[in-house]
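Residue 424 is where the sequence shown starts when you use my numbering, and the numbers rise one by one after that. All C-beta atoms, glycine included, are put in the ideal place defined by N, C-alpha and C. Input: a single structure, listed below in structure tokens.
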Amino acid sequence: MGGADGPARGGFGAGQPDDDAQKVHIDDMDAFAAYQEAVWAATARFLDTATDADLEREVPSRTGTESVGEAISLHMLGHFNGHRGEINTLRGMQGMPTVMAAQGTH
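Below, the structure is given as structure tokens:
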């Protein structure tokens with residue numbers, strides 16, 4: 424697992440076998456919520472001050488490298504909204520209202 428800065432590269436569940444993923448359990452929801460808030464705050468600080476050079480910087484990816492801006496677009500926006508769409512489909516099939524665009528974010 425990773426340290427204070429987050430999970431080790433590749434250590435966040437990607438490629439994790441289903442049996443291992445299903446064993447993940449959060450024992451302390453208050454600590455998890457505090458961690459989530461800290462991640463949101465760190466992300467907001469970065470986005471508030473990011474320069475073009477910051478967003479153009481190349482970082483490792485599974486297929487080579489990608490820019491920070493590409494990573495934000497793909498992993499933060501596209502991936503997140505894909506899951507929101509899946510959630511809304513399941514909620515709609517059960518007659519529940521959808522999760523709106525501003526819900527689940529800060």
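Taking a cut-off of 8 Å for Cβ pairs, the region 489-498 and the region 461-481 touch, as three or more such pairs fall below it. Per DSSP, the unbroken beta strand (DSSP E) holding V482 starts and ends at 481-484.
Cβ-Cβ distances below 6 Å link G501 to nothing in the same chain once the five nearest sequence neighbours on each side are left out. T488 sits in a strand when the DSSP states are folded into three classes. Here DSSP, grouped into helix, strand and coil, assigns Q445 to helix. M519 and R507 have their C-alpha atoms some 14 Å from each other. Here R468 has no same chain residue with a Cβ atom under 7 Å from its own Cβ, once five neighbours each way along the sequence are excluded.
In the displayed model, Q459 falls within a helix according to three-state DSSP. Here the alpha carbon of S496 sits roughly 14 Å from the alpha carbon of A473.
Cβ-Cβ separation between V522 and N511: approximately 6 Å, consistent with a contact (criterion under 8 Å). Secondary structure of M452 (DSSP, three-state): helix.
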